[in-house]
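In my numbering, the protein residues as written are 285 to 420.
All remarks here apply to the structure that follows.
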């Protein structure tokens, strides 16, 4: 009788160890999956930020609103209701242009936004003032 009691205890210890390792493996798999998702999202955000910064610099160099519109159409952006949009593989860039005429010049503003999976990632504001002849 003592021998079967020892066997039962040993079997229970083995089952507890297997259960512990199975739970540990489950937790570790979830942690690695979450880390992979965060890494992929960070990669998308990095790519989108790099492309948005490059676009913002080119928009600033393009001059006023007309030059910005010409640049956007040449870059493959499509205009819909005043919003310029281009889809990339893992994210989309949107540009909203506005222009304000003042007595001393023109203020051209743009906002470059990025989104991925319907979720906004960031927005980069851009403004360029082009001086003109002052009114008297």
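Think of the CB as a built atom: it goes at the ideal place given N, C-alpha and C, for glycine as much as any other residue.
Classification of residue i by the beta-carbon crowding that lies within 10 angstroms, buried from 16 upward
i: residue 392; result: buried
i: residue 375; result: buried
i: residue 352; result: buried
i: residue 397; result: buried
i: residue 300; result: exposed
i: residue 386; result: exposed
i: residue 294; result: exposed
i: residue 406; result: exposed
i: residue 304; result: exposed
i: residue 307; result: exposed
i: residue 336; result: buried
i: residue 298; result: exposed
i: residue 310; result: exposed
i: residue 404; result: exposed
Distance between beta carbons of residue j and residue i, contact taken as under 8 Å
i: residue 394; j: residue 343; result: 5 Å
i: residue 390; j: residue 416; result: 7 Å
i: residue 370; j: residue 380; result: 13 Å between Cβ atoms; not a contact.
i: residue 327; j: residue 414; result: Not quite, the Cβ-Cβ distance comes to about 37 Å (not below 8 Å), so this is no contact.
Bridge partner(s) assigned by DSSP for residue i
i: residue 406; result: 398
i: residue 370; result: 377
i: residue 391; result: 384, 413
Span of the beta strand (DSSP E), counted from its first residue to its last, around residue i
i: residue 359; result: Looking at the DSSP string, residue 359 is not in any beta strand (DSSP E), and its letter there is neither H nor E.
Is it true that the region 325-337 meets the region 307-314, where meeting means three or more beta-carbon pairs spaced less than 8 Å apart? no
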